[in-house]
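This is the structure in structure tokens:
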């Protein structure tokens, strides 16, 4: 078919993105283009091939039989092209190209953003697109190359590089401890004001254990609950009560003395399942040089014992 000679890789990528997202506007937001531009690209493809590729509905689009067939073959072509691109990059002296990154909001602010200048100085030919969200995303549909995520690792469709375990600390301000005393055992929590995180799944419980003993859960109360960790941390620094948060979140406050660590003889957590800080990428993709470079940079930057735990 002569029309295939008129199709470019960019047009095929946009077409696959529309198939995955089911929407011109969603792809347009991701690519920084107008929805009409995406729609026009698909129309040009249909004209070149002489076949309708998409059914256009009010709020979504869906593939015709021809569209599904083209999508199947286009994915194979693009995958082979990506492999060729990666093979060529591996022959270059330094990594080059765009890396799309997604990271949690607060972790990204604390431990990704401060290092972007150094990453750019070291690898000036890298271009980064960083989106920060705490919501689940599908990296294949969203076009993301690398995700930083915190929690229990359980998605077998993703490959992972562990960056650090998530460790929790209980802390309070020096002023609070001067007024209310320094608790030595979690059984004393009922005598203290506790500032607990409360999200969509309800208020977090606090778990404690010593050595290999079983975990003991504690329900805590206090003058403030909330769904924003920074707000609760600032309240603790102002002397409102105790908080339990990851060390990457309150490590700086501990180092600077704005908060004081409690229950140092106990292991503390908000879940009985081990949680990890990890870099993730789709298991169906070969890890490219540019993505591996970003991962290796943060592995080196965080260190074998992450700097917030030292």
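Residue numbers (UniProt numbering): 1 to 310. Ideal placement from N, C-alpha and C gives every residue a C-beta, glycine not left out. Please read these numbers as outputs of a predicted model, since none were measured by experiment.
Quick check on residue i: buried or exposed, where buried means 16 or more other Cβ atoms within 10 Å of its Cβ?
i           : result
residue 305 : exposed
residue 9   : exposed
residue 125 : exposed
residue 94  : exposed
residue 186 : buried
residue 307 : exposed
residue 77  : exposed
residue 58  : exposed
residue 55  : exposed
residue 111 : buried
residue 2   : In this prediction, residue 2 scores a pLDDT of 49, lower than 50, which makes its location untrustworthy; no coordinate-derived value is stated.
residue 21  : buried
residue 283 : exposed
residue 115 : exposed
residue 248 : buried
residue 99  : buried
residue 251 : buried
residue 145 : buried
Can you tell me whether residue i is helix, strand or coil according to DSSP?
i           : result
residue 168 : strand
residue 267 : strand
residue 294 : helix
residue 95  : coil
residue 198 : strand
residue 47  : helix
residue 235 : helix
residue 251 : helix
residue 9   : helix
residue 38  : helix
residue 100 : strand
residue 226 : strand
residue 212 : coil
residue 18  : helix
residue 191 : helix
residue 275 : coil
residue 152 : coil
Measure the CB-CB distance between residue i and residue j and report whether it falls below 8 Å.
i           : j           : result
residue 277 : residue 150 : yes
residue 223 : residue 241 : yes
residue 206 : residue 105 : no
residue 45  : residue 74  : no
residue 23  : residue 61  : yes
residue 220 : residue 233 : no
residue 173 : residue 236 : yes
residue 34  : residue 26  : no
residue 148 : residue 279 : yes
From the DSSP output, read off the bridge partner residues of residue i.
i           : result
residue 243 : 171
residue 62  : 55
residue 281 : 159
residue 206 : 218
residue 260 : 172
Fill in: Complete runs of the beta strand (DSSP E) confined to the region 123-150 [at least 3 residues]
126-132
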